[in-house]
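To get this note's numbering, take the position in the sequence shown, counting from 1, and add 97.
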Amino acid sequence: MIANIKETVSSFVEDTTRKLSLAQYVNGVIEEVKKRNKGDEEFHQAVEEVLKSLEPVLDKHPEYIEERILERLVEPERQIMFRVPWVDDNGDIQVNRGYRIQFNSAIGPYKGGLRFHPSVNASIVKFLGFEQIFKNSLTGLPIGGGKGGSDFDPKGKSDREIMRFCQSFMAELQQHIGPDVDVPAGDIGVGGREIGYLFGQYKKLRNANESGVLTGKGLNYGGSLARVEATGYGLIYFVDEMLKEHNHDLRCKKVVISGSGNVAIYAAEKVQELGACVIAMSDSNGYIVDEEGIDVELVKQIKEVERKRIKEYAKRKAGAYYFEGQKGIWSLKCDIALPCATQNDISLEEAKLLVENNVIAIGEGANMPCTNEAVNYLLENNVLLAPAKAANAGGVATSALEMAQNSMRLSWTFEEVDAKLKEIMINIFNASKEAAKEYGSEGNYVVGANIAGFLKVADAMMSQGII
């Protein structure tokens, strides 16, 4: 009996020592990232969130440590920063800064959007590119991780000014992209109009109609049906599967959505189609509340056609109200919260409000919309959380489907693309669920998505040598 006790104690000490050693190793990699990327807070946050969840994987696969997979994974393969000069409508010269981070190509050409927004800097682009590695891996499609953009602000600019900026931006970017190298798409501030101008300039400079070089194109020149709807629809397909897994459904649920751009609009459309009621949406100035259910077609008219602020909705819809300020939206009582605006939308303070109001589930439509502290608090309080890198992967998945159609010189119907999208999102959910279960975090889809996305990339990197 004493021998058995000694053996148990020895095993416990060995296990504890090993776990402490793994934690020290992971923390060491994180600290090195912070030293090499000083001031890049968003990038630090993204790296920390992913790497800390990988400790059980490293415990089971010490070869990843031996081959320094983490150290290689957190360092982009290539970082490009460039000047973008353009002339405004007054004839004055303006200068912006452009970025492209080609983060990891282990499983395919770099793939990720372009963001045009004043907040864009090296940290934002690195965090987005890093997240994109795992998001793209989860789709099961052969695409690597990249991201780009500029601190240019399209708001308030004329079409001609946006065209001139896009042409100048592409004059440099075209040297670094291609259908089998790096395939950008849209993101915040980059919609169909911007993609059209970028593609036109690329075609002229390269003297080639390489339709697979950009995704999110117009339907009359190589775009895919359902691409516009894909990120929002995909988010709801994932959330729906997650709810079903835990004996819930969307019928009659009250939903709050931050944002009123592409992702928010089509998430609202799909979630209401499935029986829920969206009671609030927002933009960077404030939010609207409509207890009868948001009229999505009116939001589309205001935001996509007229390009006006969300407060216009309250002027046109009886019974709707507008409130200044973004954060107040999370004080509203709801069953499901869908942050679809931007990073760090929900802090610990907002997470506490949501828990206090008995929220059932949160689906991250934006990239990293919850701080790490908020994520931990929500999970500790048994809130179902659909993480961005899994739940908003529908956009890039459908971009890859657009690339496939371009390569085959054909177009699928809306129904065909939507069916493929739904299948991909269900597969992503199942992969996240199974990975979480296998590595001791059943029901934690944040950890599950990180692990499932990581394993495919890590194994590809191992197979291709130290490059």
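Here a beta-carbon is modelled for each residue, glycine too, at the ideal position from N, C-alpha and C. Bear in mind that the values here come from a model prediction, so they are computed numbers and not experimental data.
Cβ contact annotation for M339 (same chain, cutoff 7 Å, sequence separation greater than five): A458, L481, A483, F526 and Y542, in chain order. Exclusion of the five residues before and after D432 leaves K350, K351 and I457 as the residues of its chain whose Cβ lies within less than 6 Å of its Cβ. Around the CB of H343, fewer than 16 other CB atoms lie within 10 Å, so the residue is classed as exposed. Following the DSSP letters along the chain, one finds I376 in no alpha helix (DSSP H) but inside the beta strand (DSSP E) bounded by residues C374 to S379.
With contact defined as three or more Cβ pairs closer than 8 Å, the stretch 247 to 266 and the stretch 164 to 171 are not in contact. The three-state reading of DSSP puts Q199 in strand, counting E and B together. Here I443 is buried: its Cβ has 16 or more other Cβ atoms, across all protein chains shown, within 10 Å. With 16 or more other Cβ atoms inside 10 Å of its own Cβ, S247 counts as buried. It is roughly 21 Å from the alpha-carbon of E447 to the alpha-carbon of K486. Residues of the same chain with a CB within less than 8 Å of the CB of V181, apart from the 5 flanking positions on each side, are V192, N193, R194, G195, S247, F249, F262, S265, F266 and E269 in chain order. As DSSP reads the structure, S247 sits in a beta bridge with G195 and F213. Spanning the alpha carbons of A417 and Y363 requires a straight line of approximately 20 Å.
Judged by their CB atoms, S428 and L395 are not nearer to each other than the 8 Å cut-off. Relative to the Cα of N503, the nearest Cα in the group L311, R115 and F179 belongs to L311. Sorting I354, E172, Y410 and P436 by C-alpha distance to the C-alpha of S202 places E172 at the top.
The beta-bridge partner set that DSSP reports for Q176 consists of I198. The alpha carbon of T328 has as its nearest neighbour, out of K244, M558 and E366, the alpha carbon of E366.
In the three-state scheme derived from DSSP, where H, G and I count as helix and E and B as strand, Y418 is classed as strand.
A residue is called buried when at least 16 other Cβ atoms come within 10 angstroms of its Cβ; I240 meets this threshold and is buried.
Under DSSP, Y384 shares a beta bridge with S379 and F420. Secondary-structure assignment with DSSP links K351 through a beta bridge to C374. Taking L155 as the centre and dropping the five residues before and after it, the same chain places the C-beta of L119, Y161 and I162 closer than 7 Å to its C-beta, in chain order.
Per DSSP, L311 has no beta bridge partner at all. The way I'd put it, the stretch 466 to 479 doesn't touch the stretch 317 to 327; fewer than three beta-carbon pairs between them come closer than 8 Å.
Bridge pairing for I433: V352 and A458 [DSSP].
Unbroken beta strand (DSSP E) stretches of 3 residues or longer found wholly inside the stretch 263 to 291: 279 to 282, given in chain order. Secondary structure of Y334 (DSSP, three-state): helix.
Beyond the five residues adjoining it in sequence on each side, I221 comes within less than 7 Å, by CB distance, of E139 in the same chain, given in chain order.
Three or more beta-carbon pairs separated by less than 8 Å link the stretch 224 to 237 to the stretch 544 to 553, which places the two stretches in contact.
Around the beta carbon of A516, fewer than 16 other beta carbons sit within 10 angstroms, so the residue counts as exposed. Ranked by how close their Cα comes to the Cα of K149, the residues G425, Y122 and Y334 have Y122 in first place. The Cβ atoms of C437 and I354 sit closer than 8 Å to each other. Relative to the Cα of E326, the nearest Cα in the group S538, A528, K519 and E129 belongs to K519. Approximately 11 Å separates the beta-carbon atoms of V368 and I376; this is outside 8 Å, ruling out the contact. Exposed is the label assigned to N478, since fewer than 16 other Cβ atoms lie within 10 Å of its Cβ. The three-state secondary structure of I190, taken from DSSP, is strand.
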